[in-house]
Amino acid sequence: VLDLKNMDKIIEINAKDLTVTVEPGVVTKDLQDEVARLRLFYPPEPGSAEFSTIGGNVAECTGGMTGMKYGVTRNYVLALEIVLPDGSIINTGRKTLRSVAGYDLTRFFVGSEGTLGVFTRITLKLLPLPEKIGTITSYFKNIDDALNTTDSILIKSHFLPRSLEFVDKTGIDAVRGFTKEEIPEGVEALLLIDVDGNEKSVVNDISKIEVLCKENKALKTLVAKRMMKERYYGRLEGLFPRPSLGLLQ
Ligand SMILES: Cc1cc2nc3c(=O)[nH]c(=O)nc-3n(C[C@H](O)[C@H](O)[C@H](O)COP(=O)(O)OP(=O)(O)OC[C@H]3O[C@@H](n4cnc5c(N)ncnc54)[C@H](O)[C@@H]3O)c2cc1C
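At position 37 of the sequence shown the residue is numbered 37 (UniProt numbering), and the sequence of numbers has no breaks.
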């Protein structure tokens, strides 16, 4: 058993090149918070971000809420230092965004689930941090209306939200009574939609998506603050609890 939790240094944030190099034990959310201070963005956002590590994310090629717009961990790994089972150390990839020649060994290792070697140093691509995130919550009488709305947003209107999540009746019943906003009776589907960008584009996108929700028979649509979304997750996580951190440690 290897415990890499002490290999938790952010070695270098290169704001000019939009890259960051870390040790594998850096917690995903800590990295996101640290780069956000420089208005940079590491998009993969697994539900486990508060306790998963970048090493684990690379080994699992973690995706998450932002995957549809921004892709998964694989899309952000530029270079790896890897200790192979025989103890030799190899370096794959380059710290540059345009690294196209030769075999892509980095991709071969991403998602290898710990079977091929141990990542000891990881260089990731960053993006500029979007200025704003807007969230819209829309309630539907049935699943068909909710899915027609996602078709309208993605396929007919060519919108690519930061995230678009569907909650079914079981999830809705779990949050009922927990949110300040009353969930109308008869709601069987819920869409939580995030858009990001600059303030003007977020306001514009949110109002267009609001219209699309209404056109697809939404019973109620709320332009929500991010806080509200977190409250939904808090309740949903109660329904699908995370493993105890104490046990993992
Ligand atoms: C509550 C919860 C929510 C989740 N949400 C999502 C989600 O939204 N999207 C998603 O894609 N996944 C999700 N996951 C699964 C996700 O892939 C893992 O949580 C995360 O990527 C694993 O990171 P970890 O640091 O916990 O790794 P660990 O669990 O410690 O390890 C996972 C695997 O990676 C290997 N590994 C770890 N570090 C290294 C290293 N340095 N070098 C080589 N191999 C290594 C281990 O050997 C093991 O096989 C979730 C998991 C939980 C528990």
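No residue lacks a Cβ here, since even glycine has one placed at the ideal position from N, Cα and C.
Closer than 6 Å: residue i CB and nearest ligand 1 heavy atom
i           : result
residue 109 : no
residue 250 : Since the first residue shown for the chain is 1 and the last is 249, residue 250 is missing from the structure and cannot be characterised.
residue 279 : The shown model of the chain, from 1 to 249, leaves out residue 279, and the question about it has no answer.
residue 118 : yes
residue 113 : yes
residue 123 : no
residue 59  : yes
residue 63  : yes
residue 52  : yes
residue 48  : yes
Residue i, buried or exposed, once every other Cβ within 10 Å from all chains shown has been counted against 16
i           : result
residue 227 : Because residue 227 sits at a pLDDT of 42, beneath the cut-off of 50, its placement in the model cannot be relied upon, and the following sentence gives the value as read from the coordinates. Per the 10 Å Cβ criterion, exposed.
residue 35  : buried
residue 149 : buried
residue 140 : buried
residue 14  : exposed
residue 216 : buried
residue 128 : exposed
residue 64  : buried
residue 181 : exposed
Chain-order list of residues whose beta-carbon lies under 6 Å from that of residue i (same chain, five-residue window excluded)
i           : result
residue 110 : 58, 61, 74, 77
residue 167 : 190
residue 90  : 82
residue 21  : 11, 12, 123
residue 173 : none
Delimiting residues of the alpha helix (DSSP H) encompassing residue i
i           : result
residue 84  : Taken as a continuous stretch (DSSP letters only), residue 84 belongs to no alpha helix (DSSP H), as it is neither H nor E.
residue 133 : Careful: residue 133 lies outside any alpha helix (DSSP H), inside the beta strand (DSSP E) at 132–140.
residue 35  : 28–36
residue 118 : No alpha helix (DSSP H) contains residue 118, which is instead part of the beta strand (DSSP E) from 118–125.
residue 143 : 143–151
residue 110 : Run containing residue 110: none; DSSP gives neither H nor E here.
Residue i: first and last residue of the uninterrupted beta strand (DSSP E) it sits in
i           : result
residue 189 : 189–197
residue 4   : From DSSP, residue 4 is part of no beta strand (DSSP E); its letter is neither H nor E.
residue 170 : Taken as a continuous stretch (DSSP letters only), residue 170 belongs to no beta strand (DSSP E), being part of the alpha helix (DSSP H) at 169–175.
residue 219 : From DSSP, residue 219 is part of no beta strand (DSSP E); its letter is neither H nor E.
residue 11  : 10–14
Residues near residue i by beta carbon distance below 7 Å, same chain, minus five either side
i           : result
residue 199 : 131, 132
Closest Cα partner of residue i within the set the options
i           : options            : result
residue 67  : 29, 164, 14, 56    : 164
residue 32  : 136, 3, 124, 100   : 124
residue 202 : 159, 221, 1        : 159
residue 156 : 212, 146, 181      : 212
residue 143 : 161, 117, 104, 187 : 187
residue 85  : 207, 136, 114      : 114
Residues of its chain near residue i, where Cβ-Cβ distance is below 8 Å and the 5 sequence neighbours each way are ignored
i           : result
residue 106 : 77, 78, 79, 80, 92, 93
residue 176 : 183
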